[in-house]
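Peer 1: First the structure, which I've put down as structure tokens, then a few questions once you've had a look.
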Amino acid sequence: MKLLRQLLFPFIAVLAAFAVGAILILIVGDSPLETYRLMFGSALSWPDGIGYTLFYATPLIFTGLAVLVAFRCGLLNIGAEGQLYVAAFAAAWVGITFAQRSGWILIPLCFIAAILAGGAWGAIPGVLKARFGSHEVINTIMLNFVAVALISYLTQYHYRIPGDPIMETAPIGAGAYIPRLGKFIPGLPERIPLNAAFLLALLCCLLVYLFLWRTKWGYELRATGSNASAAEYGGVSVRKQIVIAMTISGALAGMVGINEVLGYRHRYYDGFSDNYGFTGIAVALLGRNHPVGVLISAFLFAILQRGGIPVDAFTEHVTKDIVQILQGTIILFVAAEAFFGETFQRLGFFKGSKV
Amino acid sequence: MLELRNITKRFGDVLANDHVNIKVHEGTIHAIVGENGAGKSTAMRIAYGFYTADSGEILVDGQVRDIKSPHDAIALGIGMVHQHFMLVDTISVAENIVLGAEPGSSLALDLAAAATQIRHLSEEFKLAVNPHAIIEHLSVGQQQRVELLKALYRHARLLILDEPTAVLTPIEVEEFFAILRRMREQGKTVIIITHKLSEVLAISDEVTVMRDGKVVGHLKTADTNAAELARLMVGREVLLRVEKPEPHVGNTALQVRNLTVTGNDGGKRVDGVSFEVRRGEIVGIAGVEGNGQTELIEALAGLSDPTRVSGEIIFLGRDITRRGARLRREIGIAHIPEDRHRRGLLLEFTLAENSILGFHYRPPIVSYGDAFLDEEAIQKRANEIIHGFDVRPANPSLPARALSGGNQQKLIIGREFKVDPTLLLVSQPTRGVDIGAIEFIHRKLVGLRDAGCAVLLVSAELEEVTSLSDRLLVIHNGRIVGEVDPKVATVEEIGLLMTRGH
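Those sequence lines, one after another, are chains P and F.
For the first sequence, position 310 (counting from the first letter as 1) is numbered 315 according to this note's numbering, and the numbering increases by one without interruption.
For the second sequence, position 352 (counting from the first letter as 1) is numbered 368 according to this note's numbering, and the numbering increases by one without interruption.
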């Protein structure tokens, strides 16, 4: 019940965004109903729609969780994008370097590489903040540029197969492949890249929830985010929490690399991320910084992404830019909640407020 | 000039105002007293248009008026100063005052004209503030004057002041009362919401007493006294004086030697302080706020930057000067901080979650492999505190924010008492707490002392430190300037030490 009420505002925000989108679709001269029917119909069709939608949702779950964990500690991690690039490359590097090893060793090694690399890249701004008080927003943004440039350089000059015109590394060893879900689910063709990383993402939602709300470490992390002075009073080392939160955040973002490299392309492909790190911020925001919310909002964003393709192709005027417009409008409405919240309260929508 | 008739307002299940009738006469200072949650702020917010009443009517100058928003109230000459100031910290006094009512055309802001008008107002009411000063550079007392000027600038004839003295030092309170009296002389009407009886008696002409959303008394101040007001507010007889047996003093719990704490600017906040606190006694520290009390307590609790602390802090023979807050708590030092919102509570967290702050990593709160929180143990602890310390509403899953100040304070005190501390550091234990709870908290502190705990008490309420303490130290400019026997020392004596340091 409490959770439902938490999700009420995001839900209204989404509806409002679709209403705005409908007006725009009308203006350009198409039928909003038809457009939305195309969008949702294709995104939720079985098996291709659902398969791809869940595949698109996977990285967004990871980055949404990454932003959530940092946020619960009072930090804004804008650096998930850089963290996931570094992690994906690290996973690919291990997969290439130890290509001959069997899957039993190689897969865990690649997992660890992605998690450690992402975590380390996230830890840097954490340490800088804890040690010198420099702001994590600036540092994470800057480290995004460093990560992209560094990884592009390594790909271009050291790990590309000579003569390959595409900016990508050599393939990883076959032992490092993680299975596509089509292998286990009847009716889901194996050509759809939805893979075991999706299950990992679901598991991470559960783990993040348990960690934050059921362990003493999660308590300390959330206490720091809620009121650092009070946490300190309660014997919590705020600096330590900042480093821990940023490390976990980076590690979660890094798991995007598992989906991408081990589950999908089986190599590092430069520039693969469709702004997953930044969309993760929106996902966390819309999902109320709760794992369940993140799961739902990642799914919604994935629907938009997948559903935008037929909209582009089969409507007269509407292009897939509608997806960007909807995403942007959703965020605007969610961000406007502070304003709406007060209005609603004054109109008596919420009972039992403090006298 | 203002009359509320049969005002009723409901928030969900809570009846905040139940047929409230209040009549305020022009040119008077009218006090509205009541415990936290009695509905006094709600009634006044209705008068100011911040809330709309469910039923009842508001009369201004004898006419029924429809006040739907603060805008309407301002137009009728009603101004309100909230407990938490509504000022923009980074802009000047003049800019703050004109904000929302800017002079000049819509393109050119005529700040010079505003400044002149503000000067006139400050002279008329002797509200000395420099119109060009930036808000964040002003003291709290000065910021309050800006709030008053803001209302006067909008031609308020009636000023509603919500707990105006809560943030002021005793000296500022005196100055503030002088301002209010001057306003009354100039024909303004003032409504002051408070729960401090001494202030009601000192400043008001008439008093309305509220309890549980109802008006329970309307009196002329001259015809009443503190005991009567307290009884009306609480609904039963209240002991305004602390009763305590003779102390049974034990061995030394805390020894402080030559403790110095340096501030950010390099100045000494605490300057070579030495004293000791023995088990079974309450040692009070009296002083005007901002003379190093905060820094002293934070240093003792292990919350100061260790590089800024020198000297020795010895607890039960053990040097803990360099140890952190966590260890200090573990060995039996509890701390009731002066600012419960900043230090003492996680406002978004539930009462249950707040009840374990500082114990959250130890059994019995943590079980299952020293990692997971034991929900049952947390609920048990929360309920013990809630019932043992009469925290209301008694619902452990409410966020701490939903509680009144007094109940928040009781929660913190309950939590800290739960350790059976050997030493209790306690700052401003009853700030913003209503009378019933003050009595309760005082009794609990004395009870803890009698159980053999060493208590170090800091309070800005002189009456509180003198009545609770067995020994009283006076702090001035970061130094202990004297020790007096609170049983024999007069308020004047202590006051002189506090302000002059000798």
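Ideal Cβ placement from N, Cα and C applies to all residues, glycine included.
Per the DSSP calculation, G498/F is bridged to which residue(s)?
Peer 2: As a working mapping, residue 498/F is identified with position 482 in the second sequence. The partner list for G498/F (beta bridge, DSSP) reads V490/F.
Peer 1: Run the CB neighbour count on L115/F, radius 10 Å, all protein chains shown included, and call it buried at 16 or more, exposed below.
Peer 2: Stepping through the second sequence from its first residue, residue 115/F is reached at position 99. Flag for L115/F reads exposed.
Peer 1: Note the first and the last residue of the continuous alpha helix (DSSP H) segment covering K221/P.
Peer 2: The residue labelled residue 221/P in the question sits at position 216 within the first sequence. Looking at the DSSP string, the run of the alpha helix (DSSP H) that includes K221/P is K221 to S231.
Peer 1: Of all the residues that make up the stretch 148–163 of chain P, which are near chain F by a beta-carbon distance shorter than 8 Å?
Peer 2: none
Peer 1: Taking L31/F as the reference, which of P147/F, D228/F and F193/F has the closest Cα?
Peer 2: Taking the second sequence and counting its residues from 1, one reaches residue 31/F at position 15. The shortest Cα separation from L31/F among P147/F, D228/F and F193/F belongs to D228/F.
Peer 1: Per the contact definition of three or more C-beta pairs closer than 8 Å, is the stretch 172–189 of chain F in contact with the stretch 81–101 of chain F?
Peer 2: Three or more beta-carbon pairs separated by less than 8 Å link the stretch 81–101 of chain F to the stretch 172–189 of chain F, which places the two stretches in contact.
Peer 1: Assuming R295/F and G333/F are in contact, meaning their beta carbons sit under 8 Å apart, how far apart are those beta carbons, in whole angstroms?
Peer 2: Taking the first residue of the second sequence as position 1, residue 295/F is located at position 279. Taking the first residue of the second sequence as position 1, residue 333/F is located at position 317. Cβ-Cβ separation between R295/F and G333/F: approximately 13 Å, too far for a contact (criterion under 8 Å).
Peer 1: Using the C-alpha atoms, what's the distance from I329/F back to V272/F?
Peer 2: For the purposes of this step, residue 272/F is taken as the residue at position 256 of the second sequence. For the purposes of this step, residue 329/F is taken as the residue at position 313 of the second sequence. One C-alpha to the other measures close to 5 Å.
Peer 1: Residues in the same chain with beta-carbon distance under 6 Å from K434/F, minus the five sequence neighbours each way, listed in chain order, please.
Peer 2: Mapped onto the second sequence, residue 434/F falls at position 418. For K434/F, where only same-chain residues beyond five positions count, there are no Cβ hits under 6 Å.
Peer 1: Look up V97/F in the DSSP assignment and say whether it is helix, strand or coil.
Peer 2: Numbered from 1 along the second sequence, position 81 holds the residue referred to as residue 97/F. Residue state, collapsed to three classes: strand.
Peer 1: Would K221/P pass as an interface residue toward chain F - the criterion being a Cβ-Cβ separation below 8 Å?
Peer 2: The sequence position of residue 221/P within the first sequence is 216, counting from 1. Residue-level contact by beta carbon holds for K221/P and chain F, with a gap shorter than 8 Å.
Peer 1: Is G95/F closer than 8 Å to A167/F when the C-beta atoms are compared?
Peer 2: Residue mapping note: residue 167/F aligns to position 151 of the second sequence, counting from 1. Residue mapping note: residue 95/F aligns to position 79 of the second sequence, counting from 1. In this structure, G95/F lies closer than 8 Å to A167/F by Cβ.
Peer 1: Alpha carbon to alpha carbon, how far is I352/F from I429/F? Give it in angstroms, no decimals.
Peer 2: By 1-based counting over the second sequence, the position of residue 429/F is 413. By 1-based counting over the second sequence, the position of residue 352/F is 336. Between I429/F and I352/F, the C-alpha separation is close to 6 Å.
Peer 1: Is the beta carbon of L440/F closer than 8 Å to that of A350/F?
Peer 2: Taking the second sequence and counting its residues from 1, one reaches residue 350/F at position 334. Taking the second sequence and counting its residues from 1, one reaches residue 440/F at position 424. Their beta carbons are under 8 Å apart, which means A350/F touches L440/F by this criterion.
Peer 1: What residue ranges within the stretch 126–175 of chain P form continuous alpha helix (DSSP H) runs of no fewer than 4 residues, ordered along the chain?
Peer 2: 141–159
Peer 1: Can you list the residues of chain P that R345/F reaches, using a CB-CB cut of under 7 Å?
Peer 2: Residue mapping note: residue 345/F aligns to position 329 of the second sequence, counting from 1. Going along chain P in sequence order, the residues near R345/F (Cβ under 7 Å) are G240.
Peer 1: For the beta strand (DSSP E) holding E19/F, just list the boundary residues, first then last.
Peer 2: Looking up residue 19/F in the second sequence gives position 3. Residues L18 to F27.
Peer 1: Where does Q11/P fall in DSSP's three states?
Peer 2: In the first sequence, residue 11/P corresponds to position 6, counting from 1. The answer is helix: DSSP assigns Q11/P an H, G or I state.
Peer 1: To the nearest angstrom, report how far apart F193/F and I219/F are at their CA atoms.
Peer 2: As a first step, residue 193/F must be located in the second sequence, where it is residue number 177. As a first step, residue 219/F must be located in the second sequence, where it is residue number 203. Distance between the alpha carbons of F193/F and I219/F: 7 Å.
Peer 1: What is the DSSP secondary structure of R408/F, counted as helix, strand or coil?
Peer 2: The residue given as residue 408/F occupies position 392 in the second sequence. It is coil, neither helix nor strand.
Peer 1: From A387/F to I253/P, what distance separates their C-alpha atoms?
Peer 2: In the second sequence, counting from the first residue as 1, residue 387/F sits at position 371. In the first sequence, counting from the first residue as 1, residue 253/P sits at position 248. Cα-Cα distance, rounded: 17 Å.
Peer 1: Can you give me the C-alpha to C-alpha distance between L217/P and K245/P, rounded to a whole angstrom?
Peer 2: Here residue 217/P corresponds to residue number 212 of the first sequence, with the count starting at 1. Here residue 245/P corresponds to residue number 240 of the first sequence, with the count starting at 1. Their backbone Cα atoms lie some 16 Å apart in a straight line.
Peer 1: What first and last residue would you give for the alpha helix (DSSP H) that runs through R61/F?
Peer 2: As a first step, residue 61/F must be located in the second sequence, where it is residue number 45. Run containing R61/F: K56 to A63, per the alpha helix (DSSP H) assignment.
Peer 1: Measure the CB-CB distance between N274/F and I491/F and report whether it falls below 8 Å.
Peer 2: Here the question's residue 274/F lines up with position 258 in the second sequence. Here the question's residue 491/F lines up with position 475 in the second sequence. Cβ distance not < 8 Å, so N274/F and I491/F don't count as in contact.
Peer 1: Return the first residue and the last residue of the alpha helix (DSSP H) that G452/F is part of.
Peer 2: Residue numbering aside, residue 452/F sits at position 436 when the second sequence is read from its first letter. I451 to D466 is the extent of the alpha helix (DSSP H) around G452/F.
Peer 1: Return the bridge partner residues of Q79/F from the DSSP annotation.
Peer 2: Locating residue 79/F in the second sequence gives position 63, counting from the first residue. Partner(s): V76/F.
Peer 1: How do the stretch 225–240 of chain P and the stretch 45–65 of chain P stand: do at least 3 beta-carbon pairs fall below 8 Å, yes or no?
Peer 2: Output reads no: the stretch 45–65 of chain P does not touch the stretch 225–240 of chain P.
Peer 1: Run through the stretch 240–326 of chain F for me and flag every whole alpha helix (DSSP H) of 4 or more residues, listed as ranges in chain order.
Peer 2: 242–250 and 309–317
Peer 1: Residues bridged to F388/F by DSSP?
Peer 2: On the second sequence, position 372 is the one that residue 388/F refers to. T220/P and S383/F, per the DSSP bridge assignment.
Peer 1: At a CB-CB cut-off below 7 Å, which residues of chain F make contact with Y224/P?
Peer 2: Indexing the first sequence from 1 puts residue 224/P at position 219. What Y224/P touches in chain F: H376 and L389.
Peer 1: In angstroms with no decimal places, state the Cα-to-Cα distance between L331/P and A62/P.
Peer 2: Locating residue 331/P in the first sequence gives position 326, where the first residue counts as 1. Locating residue 62/P in the first sequence gives position 57, where the first residue counts as 1. Taking the straight line joining both Cα atoms gives about 17 Å.
Peer 1: Just checking: is the beta-carbon of A235/P within a distance shorter than 8 Å of some beta-carbon in chain F?
Peer 2: The sequence position of residue 235/P within the first sequence is 230, counting from 1. So yes, A235/P belongs to the interface.
Peer 1: Quick check: I247/P and L80/P, are their CB atoms within less than 8 Å of each other?
Peer 2: Mapped onto the first sequence, residue 247/P falls at position 242. Mapped onto the first sequence, residue 80/P falls at position 75. Yes, they are a contact pair.
Peer 1: Is the CB of R397/F under 8 Å away from at least one CB in chain P?
Peer 2: Reading the second sequence from its first residue, position 381 is the one you call residue 397/F. Closer than 8 Å: no.
Peer 1: Do the CB positions of P147/F and S85/F come within less than 8 Å of each other?
Peer 2: For the purposes of this step, residue 147/F is taken as the residue at position 131 of the second sequence. For the purposes of this step, residue 85/F is taken as the residue at position 69 of the second sequence. No, Cβ-Cβ distance for P147/F and S85/F is not below 8 Å.
Peer 1: Out of L205/P, E141/P and F338/P, state which residue places its alpha-carbon closest to the alpha-carbon of F67/P.
Peer 2: Translated into the one-based positions of the first sequence, residue 67/P becomes position 62. Here the closest residue by C-alpha is L205/P.
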